[in-house]
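Structure first, then comments.
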Amino acid sequence: MTTEPTTELTTEATTEATVGTDDQPDTEFDTTRPGFDTSEALSTLDQLGELAWADPAELVLEVNTRTEVHLDPHFCASVRDRGVREPISVYRRDDGDGDGVSVLVVRKGQRRTLAALKAGLARVRVLIEPQPSTADIDTEPERARRTHEAERIIDQLTENQHRADISDAEQVTAHQQLLGLGMSAAQIARTTRTPAKRVRQTTAVARNPHAVEVGARYDLDLVQMSVIAEFSDDDDAVAQLTETALQRPHHLAHTAQRLRDTRAERALCAELEDQLREDGVTVLSRDDAGHDTAMTLARLRPSGDDPSGTELTEDAHRDCPGHAATVTVRFDFDQGRTAHTLWVCTDPATHGHVERYDRPSSQKPAAPVGETDEQRQTREDREREAARETRRTVIANNKAWESAQVVRRDWLRELFARKAAPKGAAIFVAAEFAQGDHDLRRAMETGNALAATLLGLGDAGGYGYYSGRPNPIAEAARSGSAARATMLALALVLAAYEAGTTRDSWRNPTPATRRYFAQLRDWGYVLADVEQLVLTGDTTDVLQDPGDDVDVDEQDAPEGEEHTEAAALG
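Heads up, the sequence shown is in my numbering, so the first residue is 123 and it goes up one at a time.
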């Protein structure tokens, strides 16, 4: 038999529930007010309900609109630490035994009640709502029942439906205030029962006033604010990231990675440029006079009197008034980015230099009949600018591809760490194994090292088809579940196609590469603009570096194999 819980309504609790706060002294319960009506106040208190303590084990859970109750462990821990701060709404109901004993039925607060039980609390705050009028119950019980049920459903719906979670920006601001009060990130995580990883993120942002200000102004989420905090010392980068977060939020990772790569390139260039200046070399930057007319020495010969192909060396050119250097960054998937010096002449025509190689007459387009010298010069200038524009497109898109690869492989790592493969994975794997494209066959024969790396199984180098040594992925498949085996098979195929991509894939994709990118897109990966070109085939789009111009060496790259960008032009 459930007994009625003991009501412990203290003077302090009564004051808090009925009198109000200090900034609202003139309430109808101000007993010092002339003409104060005690009966009126007691009547209003009856309408407010009764604040009490109750044993959560003795509360009866009513039918609830929430059919599935998820008790987050951090929520339960918070209840255990700090109790149920918001009183649970209950009402009295006869227990049905005819002995006059009533029970408290939970009207609003199902999760709080269950969390209190799980936390082992002995008592919780409850607000006992006033009993409904008995007139309808006595005369029209069915109508009263329906009214009661409707009120319950409406209350439970509105309580949760109109509840607004605290935003990420508001949480960051609160953690910023707690940090200011001397609390550490660990203390904030422990006292607020927030996952430590999230608190590390929020406090990292909270320590950056610029990121907090931008996040609060535009109501950004934690990931977006974290990225902005990373670039808070660069106003242009912050503006670009903020615009991306608001206009193209799914592309934020790509924009951020491109900015990281651009920043890294600038740092590499600056270091080498400083060394050159210390050696007395004139360093040509994109803002310097002569930038537009400069050409690399690798594309020049000393004069028109020299045979075609004569090399103009840096030593021979050192006394030329146009002698200078510019710094470029080259990328290699194995070695990463490295800075290199390119020697240039700021104005080769003025200083008597000509292009290193004469163009064979067979390659020279026939001049239109009747073309004047002025028309010829205009046409050649237009053709030269078109060639430079093509070169800019290739260089900018190649850089964009390098940045996209970082984001894409991070996404693959997250995919392979999931417990279950995405929908349709088994069909995709079977079809690709049956297709047997070159990239997949090559990966099978060489150990599929990238798959092992992305799976976090270490380096699979040396585990090729002919080595006779077991591949770590095979070992993982034998010791794992069927679901994990499906994911491993998917990783083998996707990593094989990923390893087969190059900086040329955006303009010359293979059929396998197209299928690969289409499948990644269907499974939720957001393609960067340059990756979209794999599927659309529109390779004329110029994807310029964020906030950057193309270097002089990129405008007039040498035709030799020394410069990788020139080789890409074929």
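Backbone N, C-alpha and C fix where the C-beta goes; we use that ideal spot for every residue, glycine too.
Which value, in whole angstroms, describes the spacing of the CA atoms of residue i and residue j?
| i | j | result |
| --- | --- | --- |
| Ala548 | Val615 | 11 angstroms |
| Lys230 | Arg265 | 22 angstroms |
| Val336 | Pro252 | 47 angstroms |
| Thr314 | Asp194 | 13 angstroms |
| His332 | Ala351 | 7 angstroms |
| Ala508 | His560 | 36 angstroms |
| Glu400 | Leu537 | 49 angstroms |
| Ala543 | Val551 | 11 angstroms |
| Gly546 | Leu612 | 10 angstroms |
| Phe555 | Val451 | 39 angstroms |
| Glu597 | Thr635 | 28 angstroms |
| Asn630 | Val656 | 8 angstroms |
| Val648 | His373 | 7 angstroms |
| Thr324 | Thr377 | 21 angstroms |
| Pro668 | Asp287 | Caution is warranted here: a pLDDT of 46 is assigned to Pro668, below 50, making its placement in the model unreliable, and no coordinate value can be reported. |
| Leu342 | Ala553 | 41 angstroms |
| Leu279 | Glu184 | 14 angstroms |
| Thr463 | Glu505 | 28 angstroms |
| Leu642 | Ala526 | 13 angstroms |
| His475 | Ile595 | 59 angstroms |
| His297 | Ala199 | 19 angstroms |
| Pro127 | Pro263 | Note that Pro127 scores a pLDDT of 45, beneath 50, so its modelled location is shaky; the value from the coordinates is reported in the next line. So the alpha carbons of these two residues sit roughly 27 angstroms apart. |
| Val674 | Gly558 | Residue confidence for Val674 is low, a pLDDT of 46 falling below 50, so the modelled location carries little weight and cannot support an answer. |
| Ala565 | Ala420 | 38 angstroms |
| Pro209 | Asp219 | 28 angstroms |
| Arg478 | Pro470 | 11 angstroms |
| Val223 | Asp216 | 6 angstroms |
| Glu150 | Ala176 | With a pLDDT of only 44 at Glu150, under the threshold of 50, the placement of this residue in the model should not be trusted; the figure read from the coordinates follows. When rounded, the distance between both Cα atoms is 29 angstroms. |
| Arg501 | Thr364 | 43 angstroms |
| Leu301 | Gln309 | 10 angstroms |
Are the CB atoms of residue i and residue j nearer to each other than 7 angstroms?
| i | j | result |
| --- | --- | --- |
| Val334 | Val294 | yes |
| Gly444 | Thr468 | yes |
| Gly569 | Asn593 | yes |
| Tyr213 | Val225 | no |
| Ser407 | Asp480 | no |
| Ala607 | Ala599 | yes |
| Glu395 | Val403 | no |
| Arg625 | Asn520 | yes |
Between the options, which lies nearest to residue i when the distance is taken from Cα to Cα?
| i | options | result |
| --- | --- | --- |
| Thr382 | Pro631, Pro443, Gln362 | At residue 382 the sequence reads Arg, which differs from the Thr that was named. Looking at the Cα atoms, Gln362 is the closest of the given residues. |
| Glu180 | Ala565, Ala238, Arg207 | Ala238 |
| Thr436 | Ala308, Phe538, Pro424, Asp428 | Just to set this straight, residue 436 is Glu in the shown sequence, not Thr. The residue with the shortest Cα to Cα distance from Glu436 is Pro424. |
| Pro178 | His196, Arg202, Asp194 | Arg202 |
| Arg233 | His196, Asp219, Ile250, Arg267 | His196 |
| Ala375 | Val656, Glu208, Ser200, Asp651 | Asp651 |
| Arg204 | Glu172, Asp414, Leu243 | Leu243 |
| Thr448 | Ser306, Ser430, Gln397 | Gln397 |
| Thr472 | Arg506, Thr608, Arg513, Gly426 | Gly426 |
| Pro371 | Leu394, Glu262, Val345 | Val345 |
| Gly304 | Arg625, Arg329, Arg636 | Arg329 |
| Ser603 | His373, Val656, Lys541, Gln641 | Lys541 |
| Ala574 | Arg535, Ser601, Arg600, Arg563 | Arg535 |
| Ala367 | Asp355, Thr384, Glu395, Ser348 | Ser348 |
| Gln457 | Ala318, Asp358, Glu524 | Glu524 |
| Trp628 | Thr608, Gln654, Val403 | Gln654 |
| Glu172 | Asp219, Leu236, Val248 | Val248 |
| Glu433 | Ala416, Leu422, Ala389 | Leu422 |
| Leu576 | Arg591, Ala605, Gly558, Met609 | Met609 |
| Ala446 | Val466, Val491, Asp290, Asp454 | Val466 |
| Tyr340 | Asp357, Ala291, Arg320, Thr316 | Ala291 |
| His192 | Thr235, Asp221, Trp175, Ala176 | Thr235 |
| Thr515 | Ser601, Asp660, Gln299 | Asp660 |
Please check the pair residue i and residue j, which I expect to be a contact at CB under 8 angstroms, by giving their CB distance rounded to whole angstroms.
| i | j | result |
| --- | --- | --- |
| Arg322 | Ala338 | Actually they do not touch by this definition, with Cβ atoms about 20 angstroms apart. |
| Ala318 | Ala326 | Their Cβ separation, rounded to whole angstroms, is 12 angstroms, which puts Ala318 and Ala326 out of contact at 8 angstroms. |
| Ala438 | Cys391 | The pair is not a contact, with the Cβ atoms about 26 angstroms apart (cut-off 8 angstroms). |
| Val206 | Val246 | 4 angstroms |
| Arg459 | Ala386 | 6 angstroms |
| Ala174 | Ile250 | 6 angstroms |
| Ala522 | Arg380 | 6 angstroms |
Give a yes or no on whether 7 angstroms exceeds the smallest Cβ distance from residue i to chain B.
| i | result |
| --- | --- |
| Ser603 | Absent from the structure: chain B. Only one protein chain is present. |
* To do: Answer yes if the stretch 616–631 comes into contact with the stretch 523–531, meaning at least three C-beta pairs across the two stretches below 8 angstroms, and no otherwise.
  => yes
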